[in-house]
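Okay, so here's the structure we're looking at.
2 protein chains.
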Amino acid sequence: MNLSLTQIKTQFQELGIKSTLPRVVIYQSLAKSMHHPSAEEIHLAIQKKYPGVSLATVYKTLDMLVQKSLASKVVTNEDKVRYDSKMDNHIHLYCEKTQKIMDYEDQELADMLTGYFSKKGIPNFKINKIQVNINGESKTTKNK
Amino acid sequence: MNLSLTQIKTQFQELGIKSTLPRVVIYQSLAKSMHHPSAEEIHLAIQKKYPGVSLATVYKTLDMLVQKSLASKVVTNEDKVRYDSKMDNHIHLYCEKTQKIMDYEDQELADMLTGYFSKKGIPNFKINKIQVNINGESKTTKNK
DNA sequence: TTCCTATTTAAGAATTATTATTATTTAAAA
DNA sequence: TTTTAAATAATAATAATTCTTAAATAGGAA
Ligand SMILES: [Mn+2]
Ligand SMILES: [Mn+2]
Ligand SMILES: [Zn+2]
Ligand SMILES: [Zn+2]
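Top line first, the protein sequences correspond to chains A and B.
Heads up: the first sequence runs through residues 144 to 287, numbered per the numbering used here.
Heads up: the second sequence runs through residues 144 to 287, numbered per the numbering used here.
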C-alpha cells in the first residue's frame, strides 16, 4: 500500500501517535513493501532517502506500530522477526525454497474457519485470532 | 509421550541415528514434555539426572531430530524457538497471558482444510503443510 | 511566535539465543 | 580389540534485539 507522508501523519494524529519523520518514513516503507520485511531490511530500505535513522529507532517504531495495531509481527523459522502492515485477516504462504512470504486472501476459507469455531468453540479457551500458515514451494514459470 | 531409553535406542537404530546418551536423554525429555520446551528448558530439565550435557549438544541434537522428522520447531512471538515431538498434524493454541502452548487435535478441522485445499488448490504453489495457530486466552477455573 | 517539557532519537553498549570451532571422547563397524 | 568417523564439551563467535543515556524535537502552552 502506497501512503503519502501527509496521509500517514493524519493517520498518526488520529491515533494519538506523535508524528516524527523517522516514524512516518518507517511506516511508509513497511506499508509499501510486499515482502514482509525485517527491521534490518526496513532500516536498509530507508537509508537512501532518509539516512541517519538508527536501527534502534526502527525496532522501537515497529514495536509501537504493533501496539497501535498498524502492523503485526510475522514469525518464521528464520532467526528474525518480520513485519506486516496488512491488518485484515489473511493467510501466509511460506516458500521453503526462497523464504519468501506471500499473502493469500481467501474470504471463503476465513468464513469457513470462523463459522466452524464459532459453532464448535474450544473448551476453556477464548479465541482471539486464527492464523493459517501454509508451507510449500512457489512454482514460478521460470523456476528450478 | 513417555518413552524408555531402550525404546528410543531402538527407534534411533531404525533411523540410522547413532545412539548416544545425550541424544537419547534429550529426546526422552522432549517427548515427555507437554510444554513445547525450548532448548534451554530441555537443557535444564535433564540436568538433575544427566548433568554435564552441554547446551550446544542440546541444540545440535534438536536440529538432528528435526532433520529426522522426530521433532519440529514451534515458533512464537518470543525470541526463542520451542520444540515439539508430537508429529501428527495438530493445532497450537497460544495463551497470550501465560505464553503456554497447548495442543488441540481436531480431525474434523484437519479433514475440512485438506479437503478444501485439495479441491481448490493455490495457484502456483505446492502445499506441503497447513498449520493452524490460534491465539487467545486459556480460561482455567482458577484464573484471574 | 517563542518557550517548555515530555517524548523521541542516535549512538553505542549490553543482552540473549544460537552457531561455530576445536580438542577430546566414543559408538559401533571391522 | 582396534579403528575411525561422528559426537561431545568447552568456549568463542555471531546476530538479532534491547537497554542506556545524552541530545534533539514535536507539539502544547504562554
Ligand atoms: Mn539469534
Ligand atoms: Mn535474539
Ligand atoms: Zn501478510
Ligand atoms: Zn504441539
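All residues carry an ideal CB built from backbone N, CA and C; glycine is no exception.
Near residue i, which residues of its chain fall below 6 Å by C-beta distance, leaving aside the five closest residues on each side in sequence?
i	result
A/M245	L236
B/Y202	A182
B/M144	A174
A/N286	Below a pLDDT of 50, predicted positions are generally treated as unreliable, and A/N286, at 42, falls in that range; no measurement from the model is reported.
B/G195	none
Residues in its own chain within less than 7 Å of residue i by CB, not counting five upstream and five downstream?
i	result
B/Q154	none
A/L146	Q171, A174
B/K87	The structure shown does not extend to residue 87 of chain B, since chain B is modelled only from 144 to 287, so the question has no answer here.
A/K216	V209, V224, Y226
B/A253	N232
Under 9 Å between the Cβ atoms of residue i and residue j?
i	j	result
A/Y170	A/T200	no
B/Y193	B/L164	yes
B/V224	B/A182	yes
A/I234	A/E248	yes
A/I311	A/G264	There is no way to answer for residue 311 of chain A, as the model of chain A reaches only from 144 to 287.
A/T219	B/V275	no
A/F268	B/C238	yes
A/H178	A/K243	yes
A/I160	A/K229	no
Any idea if residue i is buried or exposed, counting beta-carbon neighbours within 10 angstroms, 16 or more meaning buried?
i	result
B/D227	buried
A/P266	exposed
B/L208	buried
A/L148	exposed
B/L158	exposed
A/L256	buried
A/L198	exposed
Residues in its own chain within less than 8 Å of residue i by CB, not counting five upstream and five downstream?
i	result
B/V167	L148, I151, K152, F155
B/Q250	none
Check: In chain order, what residues have a CB nearer than 6 Å to some heavy atom of ligand 3?
Finding: A/H179, A/D227, A/K229, A/H233, A/H235, A/D246
Checklist line | Cβ contact (3+ pairs, closer than 8 Å) linking the segment 274 to 282 of chain A and the segment 170 to 188 of chain B | finding: no
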